[in-house]
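> Have a look at the structure that comes next, please.
4 protein chains.
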Amino acid sequence: MGLFLNRHPLLKQQVKTLANGVADIPWKNFFDMMLGDETILVKALFNKLAIPNWKRFCETLTTIFEQVKDNKGGAVATYIPELGCADPDWFGISVVSVDGQYFSLGDSGIEYPIESCMKPILYSMAIEDHGYDYVHKYVGKEPSGRIFNAFTLNDDNLPHNACINAGAIAVSGLFHKEDPNSARFKEFTRRLSDLGGGMKVGFNQTVYLSEKETGNRNHALAYFMASHPEGFPSVNIENALDYYFQLCSVDVNTDLMAYVASTYANYGVCPTTGAKCLSFENVKRTLQLMFSCGMYDYSGEWACTVGLPSKSGVSGEIFLVVPDSLGVCIYSPPLDKHGNSERGRDFATRLAAEFGWNIFDILFQQYDKKLL
Amino acid sequence: MGLFLNRHPLLKQQVKTLANGVADIPWKNFFDMMLGDETILVKALFNKLAIPNWKRFCETLTTIFEQVKDNKGGAVATYIPELGCADPDWFGISVVSVDGQYFSLGDSGIEYPIESCMKPILYSMAIEDHGYDYVHKYVGKEPSGRIFNAFTLNDDNLPHNACINAGAIAVSGLFHKEDPNSARFKEFTRRLSDLGGGMKVGFNQTVYLSEKETGNRNHALAYFMASHPEGFPSVNIENALDYYFQLCSVDVNTDLMAYVASTYANYGVCPTTGAKCLSFENVKRTLQLMFSCGMYDYSGEWACTVGLPSKSGVSGEIFLVVPDSLGVCIYSPPLDKHGNSERGRDFATRLAAEFGWNIFDILFQQYDKKLL
Amino acid sequence: MGLFLNRHPLLKQQVKTLANGVADIPWKNFFDMMLGDETILVKALFNKLAIPNWKRFCETLTTIFEQVKDNKGGAVATYIPELGCADPDWFGISVVSVDGQYFSLGDSGIEYPIESCMKPILYSMAIEDHGYDYVHKYVGKEPSGRIFNAFTLNDDNLPHNACINAGAIAVSGLFHKEDPNSARFKEFTRRLSDLGGGMKVGFNQTVYLSEKETGNRNHALAYFMASHPEGFPSVNIENALDYYFQLCSVDVNTDLMAYVASTYANYGVCPTTGAKCLSFENVKRTLQLMFSCGMYDYSGEWACTVGLPSKSGVSGEIFLVVPDSLGVCIYSPPLDKHGNSERGRDFATRLAAEFGWNIFDILFQQYDKKLL
Amino acid sequence: MGLFLNRHPLLKQQVKTLANGVADIPWKNFFDMMLGDETILVKALFNKLAIPNWKRFCETLTTIFEQVKDNKGGAVATYIPELGCADPDWFGISVVSVDGQYFSLGDSGIEYPIESCMKPILYSMAIEDHGYDYVHKYVGKEPSGRIFNAFTLNDDNLPHNACINAGAIAVSGLFHKEDPNSARFKEFTRRLSDLGGGMKVGFNQTVYLSEKETGNRNHALAYFMASHPEGFPSVNIENALDYYFQLCSVDVNTDLMAYVASTYANYGVCPTTGAKCLSFENVKRTLQLMFSCGMYDYSGEWACTVGLPSKSGVSGEIFLVVPDSLGVCIYSPPLDKHGNSERGRDFATRLAAEFGWNIFDILFQQYDKKLL
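Next up, the structure:
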């Protein structure tokens, strides 16, 4: 448990605070936190943890990590220069269980722009704040069968879903649209941090400026949507685009994103802080979106080979949600031809196969057997 | 158990056979079948059934059925005259649990052409017989974001998936392509019957002839595929199309299709005959296909509101698979604007909500609570 | 000739100036102008005029005009409110021969925004100033087979031609792009006036602001082009769009546009001022563009029924060029379903049939017979 | 005139017939034919010929021919094996004036399949026999902006025009559809021969069989059209396709096709036989079609650089019509990237530039000057 206390970010901070004598948290509260009915300690004692044997689980992750490290396939994205500066050897993973257990390997601390991984997160915040029906007045619910920046709308002249660029721009247009972008930006990053157990969220100004400069296609998409009657949720198209570019340029690392994923895996409640970030209903809707549309035009194949709600970003990250069990984030810049991290795909595929985590495996209840 | 013995088709036949004294099945075998470790009787005694309280479950189904009966929305398909003859009031449902329990309501015995519901079934037979990789040389794995007869191929010049017309025609072209269509037809119907617990499979000659006559778009799709180098699995395009039309014209009822669905729900093993029809791997692949592409361009919304692998046909049927639990089939001819049975959609939505059967509900393990 | 002196705008002004004694044009120059080898007086004496019997020609125009006046078909465009204010009864025509003869009927003095009719004019200025090859680095030469604001580029990722919105925006981007928009605007209007015999060119600020406000689709087109490598001629996309909206909002009337058309009919030399506005080569290229692409997706039918290089605008004007003979402009706001002025189409069709002006009629040299 | 008598096919035959004493054509008729008011002899005496100085004209053709011969660009089409057998060095031209003067160079006698060049010819026969309005119930009048076998219909679900495959297939479906294909084939070839001054028309069985075998895309196009209500003119789709393939496989040479072109140049009257093959109205409609759609997706550029109604075929021929003057046919198998004969394009471009034959040059009446 020493290791655990050291690595669990919330506990680490509290232990440190207590050790320094600077906090006045009553010892009683601390013990409640540690020893209440549903705490990790109690669960561990009764073997009720989502991942019953964490140590063996981490050993298996390490084995897979070493195998995947040698995969030199793919190429770093270069459409904006800053992304092209990434080292193709960077490779990090982080996992957080719904019981708050944490483990990481490799370059888990390197910061990278969140890019498309912000899309399902923004979507879940938007349906939480503005209602599912309102958001879907401006964005559909179907896979598009097209690449992420495809120039197409569905039969109702809406973007197919919130995980393609057009859809995410539409959601950027409606999310607290009455507020200035400064307040809107603060709102997103504050809540991203909440989802991530209170970890710090950064911003990459170079990426932001590059995104704006190379964003002609996204401009075109936004104006294209707005050219249909009632087709765009905001009168201020440039504002919506600017907000979209800002959110794409938020800096994260695999630790943060694994905590975020674990909150989705845990009904919308952050496993380490206990904060209720999203309603269970909206968590399910977001996972459904990620499952069908999260991996670009590889989503169908991904559903077969990995079978977990996941989202990929051009900077080379993939985060996955194992419902009721685990959040995972992988980062490695070289991308395969579908725009997904090559090592990320490789790692996720082996992980899911090893533990039988394909949703349809889980549904058939064979999943316990492998972990025990 | 009297009721059960009367309605379970396999048992009913065997009891009858035994009663008539015409069979020489030793009594010992009969008791083994009834009282072996995993039989329904034993499971029921130990409350280990997939649907623990079958009687209460059937009562709930009846309530929903009565509610949905009054839904007069939608319109009967008329693109082929024979379909237009269907009575818009017809409404039947059948359910079969993975333990072989059976229940039906309304017009469960009316025969109707299987139409598009044959697509995932043919697909599962094809990957079983010819291998997953071989089949996917000719058909993709991604949702298309388009209507079922859309005139489009993916970036590899293949149909997007096996649940759109183009994909099903391609699979019709490769399935035992070296055999004559007579043998190929027999093979499909024999195995459909196996999947359905040995029930009889019919054929609707009128529908077949109508399909051929009105099949210009399907002809166009087939030749369009074949116009790309190596784009079609068979040199005999007309033969492939003819086979496709034949399979669409197979006559079924909701009883048969509920048994079929239960076999998919039960790992590919028919719950009533114990016959191993499909490998577990291929069952999962088929369910994945149905989940992402089974409900035409309503598949994404369906995944949110029903959240179960399902397939719809233009004659007005929908069959659903609740993995590890249940097969369901609903039949009612009037279709909504997406081409799905209006009452079918309505019933399925209420059913899934009532029992928490959305896949993401199941994954979060809340599903037991409602049934108990 | 009295009538002629009164209506010929240049002569009218000069006669007036001379009469007022405020000009010092030597009488000798005046007589040179009136009696030189190629003047209208001399041509008329020797019956060498393009339209030999002008009086009879104008009588025929009047008859057709009266017939078309009763055509109450079509509807005024409303996509920007200012256009919707036009009176559906407005109907005016003006004609100017390559000998400078002028005639008009109805509302020839009403000002309206030039809209799409600026496209071929801007194109001819652009190829004149920047070269044919340079301009066609950014815009194609083929009909698009699509409506004017279609969202499509050709196989080289260029707009199909300079008469669809995307093409005109591209030309707006390259035309004297190093200058500020104020100078660029002055340049276009000055030269439009030159093409129109020195007539005044106006500007409609309300239309300009409305165009900008409703121009989402044009914004989308511009950014879409710019999203392809080397796809847009200017780095300043917003500037190009603003210039495009300005040019669409230039105010003209049928007199001005008939003079412009006559300059094109006269090898690029203004028949009344003698100013060389465009090279003959570029006049032919522009007429070729108008012939194949000038009437939106009715261009092919137009080529059959009218068969003259023409351009249509959403405000309800059509201007036509009868090479070596005549410029014509018709204005009447109600549009048919292809976006062409209903009365304009009607008038032009009757006019071309009456005089055998379809290009293929002219080529077969039957054209003289009808006019004599 | 000796040369002329020897080369003019009709005269040659008649002279031969007379010489053999096997015909009973009265000498009076012969002299009438030779010396009537509008005969070539009389016209030549009064210098009223379309090409006044035939000898100088032929010398210029010879010079251009020699220049173009060295152009080794392009590649022979190989999509059907028989076409791939063509010798890339083959190069022939034939010209026939509207006065019946004939000249040829190089491989003018080599037979090749007519392929797409049959499209405007079939179209003109169809509008002649069945009416312009009836034919255009099934095919549009607009350029498509797409390649010849593009998979697209216009907004009325019709092929864009009769010069793309889909349009030609539709016309093949309606042309004397009540007759058997044998009679239909005879009808087309008989009238093609009439258009060509009575010259023999062949058939290439190898090409026909190859076209059928590789015609999947054309099959797809036909069924696609037929899948729209009232979208195809014949209930017998396979029959229509078979007829289409037959017509594509008709064998011609440049002599025949130059005579055909001269008939179009001469108001629909064959210059050598005097037979009235087509109405003047339908000739103009066909030339309009060829002008806007004859050269695949190079038609717009062709209109600028050559500016004459032309049609191109994949076997490497181009035939051009100079209205009121000349028919031209060029044959050389290597094709450029647009599918037009490389040497054909080169020759036509030089020819039109040399004689100022661009339609817009002719319209501006500068054309006489060059020929005199």
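These protein sequence lines are chains A, B, C and D, in that order. In terms of this note's numbering, the first sequence is residues 634 to 1005. In terms of this note's numbering, the second sequence is residues 634 to 1005. In terms of this note's numbering, the third sequence is residues 634 to 1005. In terms of this note's numbering, the fourth sequence is residues 634 to 1005. All residues carry an ideal CB built from backbone N, CA and C; glycine is no exception.
As an exercise, report each continuous beta strand (DSSP E) stretch of at least 3 residues that is fully enclosed by the segment 692-742 of chain B, in chain order.
The beta strand (DSSP E) runs of length 3 or more contained entirely in the segment 692-742 of chain B are, from start to end of the chain, 725-730, 735-739.
> Within its chain, find whatever has a CB closer than 7 Å to the CB of C:A801; leave out the 5 residues flanking it on each side and keep chain order.
K752, L755, A795, Y877
> Could you give the first and the last residue of the continuous beta strand (DSSP E) run that contains A:K770?
Neither: A:K770 is in no beta strand (DSSP E) and is coded neither H nor E.
> DSSP three-state label for A:I995, please.
DSSP places A:I995 in helix when its eight states are reduced to three.
> Under 8 Å Cβ to Cβ from B:D720, same chain only, skipping five residues before and after it: list those, please.
Excluding sequence neighbours, B:D720 sits near P966.
> Could you work out which residues of chain D lie near C:F1067, taking near to mean beta carbons separated by less than 7 Å?
As shown, chain C starts at 634 and ends at 1005. That puts residue 1067 of chain C outside it, with no answer to give.
> Please give me, in chain order, every unbroken run of the alpha helix (DSSP H) with length at least 4 that falls completely inside the segment 904-945 of chain B.
913-926, 932-938
> Let's test the definition: count the other Cβ atoms within 10 Å of the Cβ of A:Y745 and tell me whether it reaches 16, buried, or not, exposed.
Buried: at least 16 other Cβ atoms inside 10 Å.
> If the cut is a Cβ gap below 7 Å, which residues of chain A does B:R937 touch?
Note on identity: in this sequence residue 937 of chain B is Cys, with Arg being the wrong assignment. Those are K774, R918, Q921, listed as they occur along chain A.
> What's the call for D:P1008, buried or exposed, on a 16-neighbour Cβ count within 10 Å?
Because chain D here runs from 634 to 1005, residue 1008 of chain D falls outside it and cannot be looked at.
> What is the residue span of the beta strand (DSSP E) that C:V947 lies within?
C:V947 -> no beta strand (DSSP E), and no H or E assigned at all.
> In angstroms with no decimal places, state the Cα-to-Cα distance between B:A908 and B:M832.
Each residue's alpha carbon lies about 13 Å from the other.
> Evaluate C:Q921 with the Cβ neighbour count: other Cβ atoms within 10 Å of its Cβ, from every protein chain shown; 16 or more gives buried, anything less gives exposed.
buried
> Between D:Y1000 and chain C, is any beta-carbon pair separated by less than 8 Å?
Here D:Y1000 scores only 34 on pLDDT, less than 50, and its place in the model should not be relied on; the value that follows carries that caveat. False, the Cβ-Cβ gap to chain C never drops below 8 Å.
> Nearest-angstrom Cα distance between C:P862 and C:R850?
If I take the Cα positions, the gap works out to 21 Å.
> Less than 8 Å between the beta carbons of B:S958 and B:V729, yes or no?
no
> Given a cut-off of 8 Å on the beta-carbon distance, is the pair D:C691 and D:F736 in contact?
yes
> Compute the Euclidean distance between the alpha carbons of A:T695 and A:A986, then round it to the nearest angstrom.
Distance between the alpha carbons of A:T695 and A:A986: 15 Å.
> Nearest by alpha-carbon distance to C:T938: which of C:G901, C:N798, C:D979 is it?
C:D979
> Anyone know if the C-beta pair for D:C881 and D:E846 falls short of 8 Å?
no
> Are the CB atoms of C:S943 and C:G927 within a distance shorter than 8 Å?
yes
> How is C:V961 classed by DSSP in three states: helix, strand or coil?
strand
> So, are the CB atoms of A:A859 and A:G960 less than 8 Å apart?
no
> Quick one: is D:D930 buried, meaning 16 or more other Cβ sit within 10 Å of its Cβ, or exposed?
buried
> According to DSSP, is D:L880 helix, strand or coil?
helix
> Give the DSSP-derived three-state secondary structure of C:P746 in the structure shown.
strand
> What three-state label does DSSP hand C:F808 in the structure shown?
coil
> Which word fits D:K777, buried or exposed, when buried means at least 16 other C-beta atoms lie within 10 angstroms of its C-beta?
The question names Lys, yet the displayed sequence has Ser at residue 777 of chain D. It counts as buried.
> Note down, in chain order, each residue of its chain lying with its Cβ closer than 8 Å to the Cβ of A:V883, except the 5 sequence neighbours on either side.
P746, I747, M751, F821, T822, L825, V834, G835, F836, N837
> Let me see if you follow: with CB-CB separation under 8 Å, is C:D703 close to chain D or not?
no
> B:L968 bridges to which residues according to DSSP?
According to the DSSP secondary-structure assignment, B:L968 is paired through a beta bridge with B:A708, B:S974.
> C:D888: which of C:W687, C:C718, C:Q734 sits nearest, CA to CA?
C:Q734
> Output the boundary residues of the alpha helix (DSSP H) element that contains C:S895.
887-898
> Beta carbon of D:I870, beta carbon of D:A855: below 8 Å?
yes
> Could you confirm whether any beta carbon from chain D is found closer than 8 Å to the beta carbon of B:N787?
no
> Using only alpha-carbon positions, find the residue among C:V955, C:L968, C:A799, C:P813 that is nearest to C:F988.
Residue C:V955 is the option with its Cα nearest to C:F988.
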